[in-house]
Amino acid sequence: MTVSSLAIASAALATDACDSCPIRHRAVCASCEGEELDRLAEMKTYRSWKAGDVIAMEGDELPFVASLVTGCASLTRTLEDGRTQMVGLLMPSDFLGRPGRRMAAYEVTAATDVTLCMFKRGAFEVMLADTPNVSRRLLEMSLDELDAAREWMVLLGRKTAREKVATLLAIILRRASNDAAPLRAQLPLTRDAMASYLGLTIETVSRQMTALRKAGVIELDGTRGIACHDLAALLTEAGDDEDGTFLS
86 MTVSSLAIAS AALATDACDS CPIRHRAVCA SCEGEELDRL AEMKTYRSWK AGDVIAMEGD
146 ELPFVASLVT GCASLTRTLE DGRTQMVGLL MPSDFLGRPG RRMAAYEVTA ATDVTLCMFK
206 RGAFEVMLAD TPNVSRRLLE MSLDELDAAR EWMVLLGRKT AREKVATLLA IILRRASNDA
266 APLRAQLPLT RDAMASYLGL TIETVSRQMT ALRKAGVIEL DGTRGIACHD LAALLTEAGD
326 DEDGTFLS
């Protein structure tokens, strides 16, 4: 997507009512109706970034909070000696920013072309204080994020290379697809980025992707396309049950 097409996409979203938003019933606004939705609409703006663009620098002031509407962004932490570690992914409906904290805790980079629905920080924090639906939904999302972080600790500490790759693929497929089989998605990360995120080498990631394909668990289409006809089989490869719970 070119810069001009990104601008067109942002403009198109800006003219849409919230009811037609693709993340309307999953984002921080999911429980809002009527006046609450109107209030959010008054403070929102849309902006898009190309793949590879830095959305926010670690330690810089972040004047907005936002919901990710389309695309995927990575969260990266840099140590004092220059070493970096990808610590998370933002996918559609995920929330960026923390009310009450003005500085970005991580570097946020567009892994693919990204569009954010941004809310003015001050106005959003005021609304959060006096609108139970928004504060309750943000708490739910924060707890879900905490659960995901704990599961990721299990992945990095206990899972095999094959289980790590299968877990990441399952997460992407479940977030990017509807319930219809086969589940299909475009991988938002390069093999290099996947390796960094999973604590593996590029060669190991590629080898495990090939092994999963040869086992019939996934299908690959070019460098980024992926499909899965049997999610249960992929979750078994990930060391999980059909509900996504880790199997010890």
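My numbering numbers the first residue of the sequence shown as 86 and each following residue consecutively.
For each residue, glycine too, the CB sits at the ideal point set by N, CA and C.
Option nearest residue i by Cα separation, candidates the options
{"i": "A190", "options": "R309, T197, L181", "result": "L181"}
{"i": "P177", "options": "T197, G185, E165", "result": "T197"}
{"i": "E127", "options": "H110, M212, V154, W134", "result": "M212"}
{"i": "V193", "options": "C157, K299, I287", "result": "C157"}
Residue span of the alpha helix (DSSP H) that contains residue i, given as start and end
{"i": "S116", "result": "It is not in any alpha helix (DSSP H) - S116 carries neither H nor E in the DSSP assignment."}
{"i": "G207", "result": "206–215"}
{"i": "S291", "result": "287–299"}
Through-space distance from residue j to residue i, alpha-carbon basis
{"i": "D232", "j": "M238", "result": "10 Å"}
{"i": "G137", "j": "R221", "result": "33 Å"}
{"i": "L122", "j": "C103", "result": "8 Å"}
{"i": "A255", "j": "S105", "result": "27 Å"}
{"i": "E322", "j": "L174", "result": "21 Å"}
{"i": "T87", "j": "S133", "result": "Because T87 carries a pLDDT of 46, less than 50, the predicted location of this residue cannot be relied on, and the following value inherits that uncertainty. In a straight line, the C-alpha of T87 is about 11 Å away from that of S133."}
{"i": "R298", "j": "I257", "result": "16 Å"}
{"i": "K161", "j": "R168", "result": "The question names Lys, but residue 161 in the sequence shown is Thr. Looking at the two C-alpha atoms, the distance is approximately 10 Å."}
{"i": "T216", "j": "M226", "result": "16 Å"}
{"i": "A296", "j": "M279", "result": "16 Å"}
Reduced DSSP secondary structure (H/G/I, E/B, other) of residue i
{"i": "A317", "result": "helix"}
{"i": "W134", "result": "strand"}
{"i": "C106", "result": "coil"}
{"i": "M226", "result": "helix"}
{"i": "E165", "result": "coil"}
{"i": "T308", "result": "coil"}
{"i": "R235", "result": "helix"}
{"i": "M176", "result": "coil"}
Own chain partners of residue i with C-beta closer than 7 Å, once the 5 adjacent residues on each side are dropped
{"i": "E146", "result": "R187, M188"}
Close Cβ partners of residue i (< 6 Å) along its chain, the five nearest in sequence each way excluded
{"i": "Q293", "result": "A246, R247, V250"}
{"i": "S281", "result": "M171"}
{"i": "R260", "result": "M176"}
Where the beta strand (DSSP E) through residue i begins and ends
{"i": "I140", "result": "139–141"}
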